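Visitor:
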Amino acid sequence: MTKLTLYNNLKTVRAQQKLSQSKLAEKVGVSRQTISNIETGEFVPTARLALLLCLALNKKFEELFYF
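First residue of the sequence shown? That's 1 in full-length UniProt numbering, and the numbers climb one at a time after it.
#1: Contact check, residue 13 vs residue 64 under 8 Å by CB: the rounded distance?
#2: Could you check if residue 55 is buried or exposed, using at least 16 other CB atoms within 10 Å of its CB as the buried criterion?
#3: Relative to the C-alpha of residue 11, which candidate in 40, 66, 62, 51 has its C-alpha closest?
#4: Under 8 Å between the Cβ atoms of residue 67 and residue 6?
#5: I'd like to know whether the C-beta atoms of residue 61 and residue 50 end up nearer to each other than 8 Å.
#6: Quick one: what does DSSP say residue 58 is sitting in, helix, strand or coil?
#7: Classify residue 37 as helix, strand or coil using the three-state DSSP reduction.
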């Protein structure tokens, strides 16, 4: 079985909505560094955090994340 990597459009969507990493982090209850690490692919969010990001950005999962 091949390992799938989860990619994201988080930085683009966040910028379109004129949100800083800090502001988005505050909305979902994580650190700014966590948002940065997700955007760079260094950290894969949990299902809960991915859902919170979708809700905070008013986007569907597939609009933010892809394999």
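Even for Gly, the Cβ is constructed at its ideal location relative to N, Cα and C. Being a predicted model, the structure only gives us computed values, none of them experimental.
Guide: Looking at the atomic coordinates:
#1: Reading the sequence shown from its first residue, position 13 is the one you call residue 13. Reading the sequence shown from its first residue, position 64 is the one you call residue 64. Indeed they touch by this definition, with Cβ atoms about 6 Å apart.
#2: On the sequence shown, residue 55 is found 55 positions in, with the first residue counted as 1. Exposed.
#3: Here residue 11 refers to the residue found at position 11 when the sequence shown is read from its first residue. The residue from 40, 66, 62, 51 with its alpha-carbon nearest to that of residue 11 is 40.
#4: Here residue 67 corresponds to residue number 67 of the sequence shown, with the count starting at 1. Here residue 6 corresponds to residue number 6 of the sequence shown, with the count starting at 1. Yes, these two residues count as a Cβ contact at 8 Å.
#5: Taking the first residue of the sequence shown as position 1, residue 61 is located at position 61. Taking the first residue of the sequence shown as position 1, residue 50 is located at position 50. Going by C-beta atoms, residue 61 is nearer than 8 Å to residue 50.
#6: The residue given as residue 58 occupies position 58 in the sequence shown. Judged by DSSP in its simplified three-state form, residue 58 adopts coil rather than helix or strand.
#7: Reading the sequence shown from its first residue, position 37 is the one you call residue 37. Residue 37 falls in the helix class under three-state DSSP.
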